[in-house]
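Residue numbers (the working numbering): 22 to 438.
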């Protein structure tokens, strides 16, 4: 297989890769309230409708994969500088060592490197058609197009960001349900691109690099779930599940090496050792503190309940207001205080049963209690579907175990040279 690992963009022989371009700002700005409502409608929705670039179909029988950042000649690339800093940097007050940097900033920098055409193309890959294939000559056109759109430097920077231990998105929690989470959509797009990058590494015959990129996706997922908000936890799970799906396909292909397989297994086992790897329970606590604290701070005054309902009531084109909204709107200051206390009591009960063996049944009973008005009018409006909130976390742990099992029984090939 022809390989040009120094290329900064994945190319197809006979069809040169487009020069690197930075995508324009396409950040998804989604208020928390809308994000939470959409969370249970499927946070894993893919990109669609990417425009065609008009180029001819490839004539080559192979895909040339993006190269590994750590090979000779790439020491100056992102994340692979010498470990020994020159004195002018080591002693500079303006310099922050990579180990002390904020991963969030590194991710935002990598987002600017994702070419305009890569986002849609990575999201449009027909993975059913790709299957377990690692032969570039047999790849579907959707994969070929996505591969051509990626750059090596972009993938390297994402991996570098994922290795950072600190990730602070500095979200504006003081805005309550109006808080924007602009990084979530970009992280999802980045995860899809990283999956393409992992399969590219397999096409090139570098399973160790594929394993590193898959592990990087799991680290990205954990970073995405850092903010204690339910939608963040759900997006983190979705990203991790994307890596699990790809890992199981590669295990089935029989083309992983022992080292690549073991690298992934070790990381997944470390995730399972964590009680709450994607912060689902922490997110419920965060939703409680964020929502109720925001309401207490901003709406405990005359007319405050009416102001709150204006924000909570979605625009419905003249439809009759929800009865729960009307009840909440009429509350006095004292009654709104009581409603906040009732809602906090509900969240506390949820957290108390979250990790119990029969948690799904207990959460269902609590949700039914909300419908029966046992936790006040505010709870009927703001609390999420808690059974749906916990189910993805449970399924995620099961998926991690299934992926480890698939890797352990997988055939492996000789170590790469």
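Beta carbons are placed, not taken as given, at the ideal position from N, Cα and C, and that holds for glycine.
Note that the structure is predicted; figures quoted are calculated from it, not measured.
Residue 429 and residue 217 have their alpha carbons spaced roughly 23 Å apart. Annotation for residue 179: the continuous alpha helix (DSSP H) segment containing it runs 173-183. Residue 267 and residue 298 have their C-alpha atoms spaced approximately 19 Å apart. Going by beta carbons, residue 239 and residue 252 fall outside the 9 Å limit. Taking residue 305 as the centre and dropping the five residues before and after it, the same chain places the C-beta of 251, 368, 371, 372, 375, 407 and 410 closer than 8 Å to its C-beta, in chain order. In this structure, residue 245 lies near residue 208, with their beta-carbon atoms less than 9 Å apart. In this structure the region 311-320 does not lie against the region 173-185, because fewer than three pairs of beta carbons, one per stretch, are closer than 8 Å. The alpha-carbon separation between residue 202 and residue 248 amounts to approximately 9 Å. For the region 238-315, the full-length alpha helix (DSSP H) segments reaching 4 residues or more read 251-274 and 279-294 along the chain.
The shortest CA-to-CA distance from residue 399 to any of 427, 415 and 358 is the one to 358. Excluding its 5 nearest sequence neighbours in each direction, residue 130 has C-beta neighbours in its own chain below 7 Å: 178, listed in chain order.
By the neighbour-count definition (other C-beta atoms within 10 Å, threshold 16), residue 291 is an exposed residue. C-alpha of residue 329 to C-alpha of residue 344: approximately 15 Å in a straight line. In the structure shown, the three-state DSSP call for residue 189 is coil.
When the five nearest sequence neighbours on each side are left out, the beta carbons in the same chain lying within less than 7 Å of the beta carbon of residue 436 are those of 278, 279 and 280, in order along the chain. Of the residues assessed, residue 228 falls on the buried side of the cut-off, its CB having 16 or more other CB atoms within 10 angstroms.
Of the residues assessed, residue 189 falls on the exposed side of the cut-off, its CB having fewer than 16 other CB atoms within 10 angstroms. Ranked by Cα distance from residue 282, the options 387, 119, 315 and 233 are led by 233. Around the beta carbon of residue 424, 16 or more other beta carbons sit within 10 angstroms, so the residue counts as buried.
Per DSSP, residue 227 lies in no alpha helix (DSSP H) and is assigned neither H nor E.
In the three-state scheme derived from DSSP, where H, G and I count as helix and E and B as strand, residue 409 is classed as helix. When DSSP states are grouped into helix, strand and coil, residue 145 belongs to the coil group.
Where residue 374 is concerned, the enclosing alpha helix (DSSP H) starts and stops at 354-374.
According to DSSP, residue 434 shares a beta bridge with 278. Residue nearest to residue 404 within the set 198, 364, 378 and 426 is 364 (criterion: CA-CA distance).
For the options 351, 255, 420 and 107, the alpha carbon positioned closest to that of residue 324 is the one of 351.
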